[in-house]
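Novice: In our numbering, the protein residues as written are 45 to 358.
This is the structure I want to talk about, given as structure tokens.
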Ligand SMILES: Cc1ncc(COP(=O)(O)O)c(C=O)c1O
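Okay, here's the thing in structure tokens:
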């Protein structure tokens with residue numbers, strides 16, 4: 045890969061497509077102003093927060109002269125899909141360490157990743173649990189010849205730096221920034237970018253998301269943002285657990301699309317907007333609030349979920 049800079053990276057996406065669009069929530073007559081930030085529109089394959097999180101990771105890999113990158117994810121991982129796409133686009137070899145056994149045929153996410161040139165290796169769940177252990181990461185990096193390791197979800201201090209940039213693009217007055225949460229990097233990046241103003245609210249997509257508080261605090265500290273406490277997690281909106289969907293959620297996502305002509309994903313953004321509606325009903329958000337809600341992408345995963353739950357999305 046030739047030396048990658050922030051300018052060359054940005055030039056490949058459409059940052060000016062990440063506009064703020066005012067949206068209406070299904071089932072509510074009046075509600076506080078909500079703007080969705082269309083990070084999903086930056087790039088068709090490296091979409092949403094993946095664009096933000098991969099940017100400085102790829103630049104760092106390039107600066108170090110590495111031409112292969114190794115990362116981790118589940119079988120439906122948006123991060124795996126986006127990393128494969130970025131590798132193809134910027135000419136860096138990508139290796140995906142996938143949780144669980146290999147299925148034949150591959151699901152749409154892994155099949156696309158493989159077509160984009162990612163080399164896939166599978167780890168039994170018990171072994172995969174060790175994915176954040178630096179010694180284990182080094183072992184895999186050596187084994188597969190890819191010394192630049194990006195953790196699961198793409199989350200590290202380089203990711204936070206990329207995400208923080210989106211805050212400066214917001215050109216309206218606002219009181220809250222909402223984002224879905226998986227590994228916590230996006231929320232932490234937003235907090236860094238806010239520099240103490242307004243309040244960031246994160247919605248974990250998985251059960252028992254309380255444990256993420258410690259991880260996010262640690263990420264903030266590592267990035268010099270440990271002094272900011274204007275953030276919180278709302279942990280009751282996982283709808284049964286990661287990648288679980290309910291009829292109510294499916295109906296909400298379809299109605300949201302009818303009202304706003306914006307497709308949400310089922311795992312992250314759909315659940316976040318559903319949660320925002322509930323919190324408005326509960327008067328957690330007030331009429332005076334102006335909410336910025338990030339569309340973090342993830343639409344590549346919809347096909348897999350729609351197949352699994354036999355959802356007809358026309
Ligand atoms: C579409 C989408 N939105 C939100 C998130 C959550 O981001 P983070 O892992 O940075 O918390 C992820 C990934 O985990 C994702 O794929």
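For each residue, glycine too, the CB sits at the ideal point set by N, CA and C.
May I ask you to verify whether the stretch 234-252 touches the stretch 183-198, counting CB pairs closer than 8 Å and requiring at least 3?
Specialist: Touching, no.
Novice: Between residue 343 and residue 84, is the Cβ-Cβ spacing less than 9 Å?
Specialist: yes
Novice: Which same chain residues, not among the five before or five after residue 158, have their C-beta less than 7 Å away from its C-beta?
Specialist: By the criterion of a C-beta distance shorter than 7 Å, residue 158 is surrounded in its chain by 150 and 164, once the five residues flanking it on both sides are discounted.
Novice: Assign residue 110 to buried or exposed, taking buried as 16 or more other Cβ atoms, counted over all protein chains shown, within 10 Å of its Cβ.
Specialist: buried
Novice: Residue 317 and residue 296 - do their beta-carbons sit closer together than 9 Å?
Specialist: yes
Novice: Under a CB-based cut-off of 9 Å, is residue 306 close to chain B?
Specialist: Considering every chain present, this structure includes no chain B. It has just one protein chain.
Novice: Below 8 Å, is the gap between the Cβ of residue 198 and the nearest heavy atom of ligand 1?
Specialist: Yes.
Novice: Count the other CB atoms within 10 Å of the CB of residue 91; is the residue buried (16 or more) or exposed (fewer)?
Specialist: buried
Novice: How would you write the range of the beta strand (DSSP E) that residue 67 sits in, first residue to last?
Specialist: That residue, residue 67, is in no beta strand (DSSP E); it is neither H nor E in DSSP.
Novice: Keeping to the same chain, check which residues put their C-beta closer than 7 Å to that of residue 358; ignore five residues upstream and five downstream.
Specialist: none
Novice: Closest by CA to residue 86, which one among 49, 283, 54 and 217?
Specialist: 54
Novice: Compute every distance between the C-beta of residue 311 and the non-hydrogen atoms of ligand 1, then say whether any falls below 8 Å.
Specialist: yes
Novice: State yes or no: is the C-beta of residue 140 nearer than 8 Å to some heavy atom of ligand 1?
Specialist: No; taking the cut-off as 8 Å, the Cβ of residue 140 has no heavy atom of ligand 1 nearer than that.
Novice: Alpha carbon to alpha carbon, how far is residue 116 from residue 175?
Specialist: 7 Å
Novice: Taking the DSSP output, what are the residues bridged to residue 269?
Specialist: DSSP output for residue 269 lists no bridge partner at all.
Novice: Taking residue 312 as the reference, which of 282, 330 and 327 has the closest Cα?
Specialist: With distances taken between CA atoms, residue 312 lies nearest to 282 out of 282, 330 and 327.
Novice: Roughly how many whole angstroms lie between the Cα atoms of residue 137 and residue 169?
Specialist: Straight-line measurement puts the Cα of residue 169 at about 25 Å from the Cα of residue 137.
Novice: Do residue 81 and residue 338 have their C-beta atoms within less than 9 Å of each other?
Specialist: yes
Novice: What first and last residue would you give for the alpha helix (DSSP H) that runs through residue 233?
Specialist: 229-238
Novice: Counting beta carbon pairs with one atom in the stretch 258-275 and one in the stretch 221-241, are three or more of them shorter than 8 Å?
Specialist: yes
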